[in-house]
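Read in order, the letters of the sequence shown are residues 277 to 527 in the numbering used here. Taking it in order: structure first as structure tokens, then the write-up.
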Amino acid sequence: MAYPDIHACMKLTSENEELKMKLQKIRRQRDEAVNELKQIKEASKVHELLRNYVTTRDEYVQTDARTNYLHMNRLQKKKEEVEEDSKKSSTLLSMHSALMKRYEKEVKQNMTHIETITNLNLGMIELEKKLKERTDEVSSLEREVKILQIQAKSKARRKSANRGHSPESSGDEDDLTKMRKENRKMRKDIGKLKQELSGLDHGFFEEIEDIKFALQQSAKLNSVYEKTLRKMCMQFGVPYPNPEKAIKMTR
């Protein structure tokens with residue numbers, strides 16, 4: 277089963293740091309847009325004051341009717357343009373703010389997923405190390421049991437062949453009894469180790485796969501948000517912040 281190693285997690289952490297820098301850049305663009313909207317509103321107020329001033333002045337000063345009409349028409353068009361720009365800016369800021377909240381949420385989730393995967397990878401490495409140690413220990417015990425079985429059978433044959441003829445028969449019998457006890461003890465140890473190995477949490481690996489899938493989905497969603505931001509900036513005539521270029525320049 278494939279899973280990301282420590283280097284991949286470090287790479288993902290670096291990518292999330294870059295995403296944070298993108299967020300900071302976009303926030304600065306948003307603040308500039310807010311200031312621009314304020315300036316547009318102030319300009320609208322100035323145009324309104326000028327229009328009122330011209331209207332009041334016309335009550336006391338006789339001017340050419342056609343010139344006055346053209347002047348008022350220009351002021352009205354400027355006012356409409358300012359109002360239209362104000363509406364566009366308000367709409368853009370509202371959509372931008374909502375999108376920024378989602379984008380920031382996904383970045384935070386990415387950071388959480390990366391930290392979780394890193395911790396799980398470290399735990400899995402330790403678990404695999406213990407698993408190998410236990411497996412090697414079981415294999416070693418099984419080899420020793422086989423050796424003891426061979427020795428026990430050999431001594432049993434010698435005992436049967438030399439029964440009543442060798443003064444060492446009682447000593448061989450004691451050795452055989454000890455070997456049988458040691459054999460039973462080793463078999464118990466092997467059984468315990470096998471039970472311990474079978475009790476490993478296999479759901480641990482499934483959890484890693486689930487988190488990896490969630491991280492991939494989050495990365496795809498971030499890509500969609502970035503494309504949407506570009507489309508919005510093109511639609512409303514606002515320059516895209518290009519955080520990637522800013523990151524390269526800082527390097």
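Glycine included, every Cβ here is placed at the ideal spot set by N, Cα and C.
- With a 10 Å radius around the Cβ and a threshold of 16 neighbouring Cβ atoms, V358 comes out buried.
- In this structure, the alpha-carbon of A428 lies about 35 Å from that of K405.
- If you compare the alpha carbons of K314, M297, E294 and E413 with that of D361, the shortest gap goes to K314.
- With fewer than 16 other beta carbons inside 10 angstroms of its own, L398 counts as exposed.
- Proximity to A319 across D486, E413 and K355 peaks at K355, based on C-alpha coordinates.
- Three or more Cβ pairs closer than 8 Å define a contact, and the region 306 to 313 falls short of that threshold against the region 412 to 421.
- Here A309 is not near S373, since their CB atoms are 8 Å or more apart.
- Of all alpha-carbon atoms in K381, Q493, I390 and I426, the one lying nearest the alpha-carbon of E291 is that of I390.
- Counting only the Cα atoms, Q493 lies some 10 Å from S499.
- A direct Cα-to-Cα measurement between M376 and T504 gives close to 11 Å.
- K384 and L396 have their C-alpha atoms roughly 18 Å apart.
- Taking 8 Å as the cut-off, the Cβ atoms of E458 and L424 count as close.
- Counting every other CB atom within 10 Å of its CB across the protein chains shown gives K381 a total below 16, marking it as exposed.
- By the CB criterion at 8 Å, L407 and R306 fall outside the cutoff.
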